[in-house]
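Residue 1 is where the sequence shown starts when you use the working numbering, and the numbers rise one by one after that.
Beta carbons: idealized from backbone N, C-alpha and C, even for Gly.
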Amino acid sequence: MSGVISGFTVIFIVVGIGYILGRTRVLGDGAHGVLSRLVFFVSTPALLFYSLVTTDLSVIFSSTLVIAGGCALAIGAVYAVIARLWLHRTIAELTIGAMASSYVNSVNLGLPIAIFVLDDASFIAPLLLFQILVYSPIALVALDATSAEKGSGSSTLRNAVVGPITNPIVVGGVAGLVVSLIGVTPPHAVLAPLKMLGDASVPAALLAFGLSLTGVAVFKKGHSPRRDIALATVLKMIAMPALVYIVARWGFGETGSHLFAQVVIAALPTAQNVLVFATRYRQAEIMARDTALITTVASIPVIMIISVLLA
């Protein structure tokens with residue numbers, strides 16, 4: 001239980017610092033956009049490349065990959081269908097909403113919980129790599145294609161094809177996977193600066209999240225898309241852990257610590273990277289921000305309940 005509290009304390013402190021920086025305007029009025037672009041174009045690609053090059057990829061070929069990845073895609077698809085039929089959202093809005101309902105905060109909260117609560121960081125690795133190599137590229141392809149629709153003629157076709165494959169996050173993940181698969185270890189002089197830049201990804205994303213909260217009211221009537229946020233929150237905090245429990249328990253026969261780990265991972269809140277993506281493409285930013293904050297708060301009692309029931 002102390003690991004859960006410790007993990008959330010780290011997040012709230014850094015987000016709080018970002019909020020204070022926003023309130024005092026120490027970094028200027030455009031700090032949120034600048035930090036978000038830094039995370040999107042530099043820090044996250046560097047983090048993905050370094051993580052994949054230095055990680056034993058055999059850990060991803062496990063039941064956790066199938067369970068966590070499959071359930072995440074399923075919950076995201078459920079959100080997209082409901083939001084399309086009920087709320088009539090655009091493809092870009094559906095993409096951000098689907099990620100908000102199923103894209104797990106696997107780094108800045110997932111790793112501390114995996115270490116302190118589950119006592120094994122390898123539990124989070126399959127989901128982290130799935131989100132890097134599968135989920136993010138799918139979402140970014142949809143967002144890039146949607147952005148390309150604003151063009152015309154040959155430029156639209158060119159942007160729709162070239163945009164996704166030149167996306168820095170996709171490039172970083174694919175490059176890291178290729179280097180890892182061929183067994184080449186880059187020299188220290190190359191890995192060291194990538195690690196340095198990658199280490200900035202999580203704190204910068206959290207600071208950007210705190211900056212985005214400045215001067216706004218979360219879940220404000222008439223301003224926030226409350227139905228979208230409520231739908232994403234319910235799916236993330238209730239439906240996803242329940243689905244993972246069902247699939248892991250009766251689909252794969254898992255029990256004990258493995259079952260507990262699967263459900264705890266599914267109950268992690270929405271990743272702040274969803275807000276980074278939303279800011280980059282200027283789509284559903286309020287929805288991404290509010291869902292990330294609400295699920296972060298809600299995940300505390302949810303994970304504690306899971307710990308009491310399954311630990």
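- Per the C-alpha coordinates, the member of ILE91, ILE182, THR270, GLY70 positioned closest to LEU140 is ILE91.
- Across the structure, LEU243 and ALA261 are spaced so that their CA atoms are roughly 14 Å apart.
- Burial check for THR9: the Cβ neighbour count within 10 Å stays below 16, so the residue is exposed.
- Per the DSSP secondary-structure output, THR270 pairs in a beta bridge with VAL104.
- For GLY172, the enclosing alpha helix (DSSP H) begins and ends at 168 to 182.
- Non-local beta-carbon contacts of LEU47 in its own chain, meaning distances under 7 Å to residues more than five positions away in sequence, involve GLY198, SER201 in chain order.
- Look at GLU254 here: in three-state DSSP terms it is coil, with no helix or strand label.
- A straight line joining the alpha-carbon of GLY22 with that of TYR281 spans about 22 Å.
- Each of LEU65, THR95, VAL170, VAL190 was checked against the Cα of THR54, and the nearest Cα belongs to VAL190.
- Annotation for SER299: the continuous alpha helix (DSSP H) segment containing it runs 285 to 310.
- Between TYR50 and the set ALA298, SER58, VAL179, the nearest pair of CA atoms involves VAL179.
- Around the beta-carbon of ARG89, 16 or more other beta-carbon atoms lie within 10 Å, marking it buried.
- For SER224 and ILE132, the gap between their C-alpha atoms comes out near 28 Å.
- A distance below 8 Å separates the beta carbons of VAL263 and LEU310.
- By the criterion of a C-beta distance shorter than 6 Å, ILE96 is surrounded in its chain by ALA278, GLN283, ALA284, ALA288, once the five residues flanking it on both sides are discounted.
- Distance from the CA of ILE124 to the CA of THR146, rounded to the nearest whole angstrom, comes to 31 Å.
- Taking 8 Å as the cut-off, the Cβ atoms of SER299 and LEU268 count as close.
- In this structure, LEU207 lies near ILE17, with their beta-carbon atoms less than 8 Å apart.
- Three or more beta-carbon pairs separated by less than 8 Å are not found between the stretch 30 to 39 and the stretch 72 to 83, which leaves the two stretches without contact.
- Taking the CA atoms as reference points, THR64 sits about 26 Å from LEU94.
- For PHE209, the enclosing alpha helix (DSSP H) begins and ends at 201 to 212.
- Separation of LEU213 and VAL15 (C-alpha to C-alpha, rounded to the nearest whole angstrom) is 9 Å.
- For the pair ALA175 and PRO45, the Cα-to-Cα distance works out to about 10 Å.
- Per DSSP, ALA239 lies in no alpha helix (DSSP H) and is assigned neither H nor E.
- Going by beta carbons, LEU231 and TYR79 fall inside the 8 Å limit.
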